[in-house]
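Have a look at the structure below before the remarks.
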Amino acid sequence: MARPGPGPEKTAEAARETAYRLLKRREHSRAELATKLLLRGYEEDVVTRVVRELTARRELSDERFAEFRAKARLARGYGPSAVVADLRARGIGREAAEVCVSRSMEDVPEREAARKALARRAHAHLDRRGFSPGLIRQILKPGPEEENE
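Whatever position you read off the sequence shown (first residue = 1), add 44 for this note's numbering.
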């Protein structure tokens, strides 16, 4: 005798539990969470319903995701254009991504972020070429004209 398959509510409950597990690890955009649930084999209508419920309860927020993601990427030395592209690839609209990045850039001026990224790359390059750490720091130390900019 064949055992009946899980009902739609059981499937929705399982999708909800999976979504909570994913959100417990880190923030996700609505599109990102929906994609992950679909890849795990949940029906599209179930995924849509679960994402809508989580959004209505403010447990899933594109704005919150974009804010956290933008700040993290900017802190790691990515430029604003790269961060906007990353957010767009994760389902955030262009305008929302640009607003979020510009808000996050208030904490980290673009020029300073670019200078830090360049210094990190130059340091790594010189290190791979066998120069001593002391010499690298001395060469990359900002001069008085750079500090006043």
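The beta-carbon is built from N, C-alpha and C at its ideal position, and this holds for glycine as well.
Only a predicted model underlies this, so the values are computations on that prediction, with no experimental measurement involved.
Residues near residue i by beta carbon distance below 8 Å, same chain, minus five either side
i: VAL145; result: ALA114, LEU118, PRO124, VAL127, VAL128, LEU131
i: LYS160; result: GLY121
i: PRO177; result: ASP171
i: ARG138; result: VAL128, ARG132
Chain-order list of residues whose beta-carbon lies under 7 Å from that of residue i (same chain, five-residue window excluded)
i: GLU103; result: LEU67
i: MET45; result: Confidence in MET45 is poor, its pLDDT being 44 and thus under 50, which makes the residue's placement unreliable; the coordinate value appears in the next sentence. Within the same chain, MET45 has no close Cβ partners at all.
i: ILE180; result: HIS167, LEU170, ASP171
i: ASN192; result: Legend: pLDDT at ASN192 = 49, less than 50; position of this residue unreliable, no value from coordinates given.
Supposed contact pair residue j and residue i - C-beta distance, whole angstroms, cut 8 Å
i: ASP106; j: ARG70; result: Not a contact, Cβ separation roughly 14 Å.
i: GLU76; j: GLY135; result: 6 Å
Extent of the continuous alpha helix (DSSP H) run through residue i
i: ASP130; result: 124-133
i: ILE183; result: 177-184
i: ASP171; result: 154-172
i: ARG108; result: 106-119
i: GLU139; result: 138-149
Own chain residues within Cβ distance below 6 Å of residue i, not counting five before or after
i: ILE183; result: none
i: VAL90; result: THR55, ALA56, ALA59
i: SER148; result: ALA114, LYS115, LEU118
Tell me whether the segment 133-142 and the segment 81-94 touch, counting them as touching only if at least three CB pairs, one residue from each stretch, are closer than 8 Å.
no
Runs of 3 residues minimum, wholly inside the segment 52-88: which ones carry the beta strand (DSSP E) assignment?
none
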